[in-house]
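Undergrad:
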Amino acid sequence: MSDWRCPVCEGSRSRPLWRVGGEGTENGVDPHLFRPSADRYGETVGTVLRCLDCGHASLAETPTDDVLAAAYGDAADPVSLDEEAGQLETARRSLEQIEKVVSPGRLVDIGCWTGSFVAAAAQRGWQASGVEPSTWAVDRARERDLDVRVGDLATAGIEPASMRCVVMCDVIEHLLDVSDAIGTAARMLEPGGVLYLTTPDAGGQLARAMGSRWWSILPMHVQYFTRDSMRRLLERHELKVAAMSSHPKVFTATYYAQRLGGYSPTLARGAVRLTRATGLADRLVAPDFHDRMQVVAQKTR
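In this text, residue positions in the sequence shown follow this note's numbering: the first is 734, and each later residue adds one.
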């Protein structure tokens, strides 16, 4: 742990934040755990350290790039296909926030999964494309005739200053070198273009209250941002925060009920039965727990 450096501010002063889950960086790193609906809450693949200078937290020891790439490339999640309506509505709400700062133009969604954000953006007049490491997810996106290709931020091949908007929804918490990632995304933007990010908010009241049982502590998460550490990282790369707020996701009531299985399968089954009994099973809901953030950051030059 003595060699640990904060990925945001490069500080070396830290303290252990969570010691939960696996005994080594390889433990738990498999494709099944890297699907969006994974529910191994409160498990990590090692000790998470919090920077005493900026408040950012990350794994003390991380899996290798090759291990992560293999896991993401093989990830599949048929459950996510059943939640398409909610994903489109979440994307629509996100695009409303983006369009308060810039008008539609060229947009690329990095880590686009099955392409819901790409589809929603195209419906609103954006020239939208996506890049995604999971071959399963890319196949699903192409079945919808979306412009999505296999790759990641490093291999996307996006020309500098060519994008009005770069989207990274629930991506940055999975990356090893977040400073390089933000720098790469910033170079893709045209002057005045925006980077749109969503990620869990480890500084929120709920996250602090739940501690190591918070549902955004997951084996595939490497980074844990606060609003302050996110702002600091963006400003390092000449990206000015134009908007920052909580980010509730839209899913069916059944989906949220099923997610309780990460704590208690019995509780989840009871909650699912309740949604069906009350006629709410397929109702789209977006509870705001204030433990997720969305950020629109504009390139200043």
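Ideal placement from N, C-alpha and C gives every residue a C-beta, glycine not left out.
Using a Cβ-Cβ cutoff of less than 6 angstroms, which residues in the same chain neighbour R839 once the five nearest sequence positions on both sides are dropped?
TA: Here the set comprises Q860, M896, R897.
Undergrad: If we ignore side chains and look at the alpha-carbon of each, how far apart do T987 and I915 end up?
TA: Their Cα atoms are separated by approximately 35 angstroms.
Undergrad: Grab me the residues of H980's own chain with a C-beta within less than 7 angstroms of its C-beta, minus the 5 sequence neighbours each way, in chain order.
TA: The residues are T931, R1025, M1026, Q1027.
Undergrad: Which word fits G858, buried or exposed, when buried means at least 16 other C-beta atoms lie within 10 angstroms of its C-beta?
TA: Classification of G858: exposed, given that the 10 Å Cβ count is below 16.
Undergrad: Residues bridged to V911 by DSSP?
TA: In the DSSP output, where bridge partners are listed per residue, V911 has none listed.
Undergrad: Tell me which residues share the same chain as L939 and place their Cβ nearer than 8 angstroms to its Cβ, disregarding the 5 neighbours each side in the sequence.
TA: Only W947, F1022, H1023, D1024 meet the Cβ criterion.
Undergrad: In the structure shown, what three-state DSSP assignment does M953 receive?
TA: Coil at M953, not helix or strand.
Undergrad: According to DSSP, simplified to helix, strand and coil, what is A808?
TA: Coil, per DSSP.
Undergrad: Could you work out which residue in E794, R746, S912, I905 is closest to T780 when comparing CA atoms only?
TA: Per the Cα distances, E794.
Undergrad: For M734, which of helix, strand or coil comes out of DSSP?
TA: Summary for M734: the model assigns pLDDT 45, below 50, so the residue's position carries little reliability; its value from the coordinates is reported in the next sentence. M734: coil per DSSP, three-state reduction.
Undergrad: Just verifying my parser: in three-state terms, what is the DSSP assignment at V904?
TA: Coil at V904, not helix or strand.
Undergrad: Could you tell me if Q1031 is buried or exposed, where buried requires 16 or more neighbouring beta carbons within 10 angstroms of its beta carbon?
TA: Q1031 is buried by the Cβ-count criterion.
Undergrad: So what does DSSP say about S979, is it helix, strand or coil?
TA: Three-state DSSP puts S979 in a strand.
Undergrad: Bridge partners of C1048, per DSSP?
TA: Only positions 734 to 1034 of the chain appear in this structure, which leaves residue 1048 out of reach.
Undergrad: Measure the C-alpha to C-alpha separation of V883 and T868 and round it to an integer number of angstroms.
TA: C-alpha separation (whole angstroms): 6 angstroms.
Undergrad: Quick one: Cα of N760 to Cα of L909, how far?
TA: Because the pLDDT at N760 is just 43, under 50, the model does not fix this residue reliably, and the value given afterwards should be weighed accordingly. Going by the C-alpha atoms only, they are around 17 angstroms apart.
Undergrad: Identify the continuous alpha helix (DSSP H) that holds R826 and give its terminal residues.
TA: First-last of the alpha helix (DSSP H) with R826: 817-831.
Undergrad: According to DSSP, is G779 helix, strand or coil?
TA: Coil.
Undergrad: Return yes when the Cβ of T823 is within less than 7 angstroms of the Cβ of K973, no when it is not.
TA: Their beta carbons are not under 7 angstroms apart, which means K973 does not touch T823 by this criterion.
Undergrad: Smallest Cα separation from A854: which of V1005, E829, G995?
TA: For A854, the nearest C-alpha among the options comes from E829.
Undergrad: Have a look at E892 and L922 and give me their C-alpha separation to the nearest angstrom.
TA: Spanning the two alpha carbons is a distance of roughly 9 angstroms.
Undergrad: Buried or exposed for E968, going by 16 or more other Cβ atoms inside 10 Å?
TA: Exposed is the call here.
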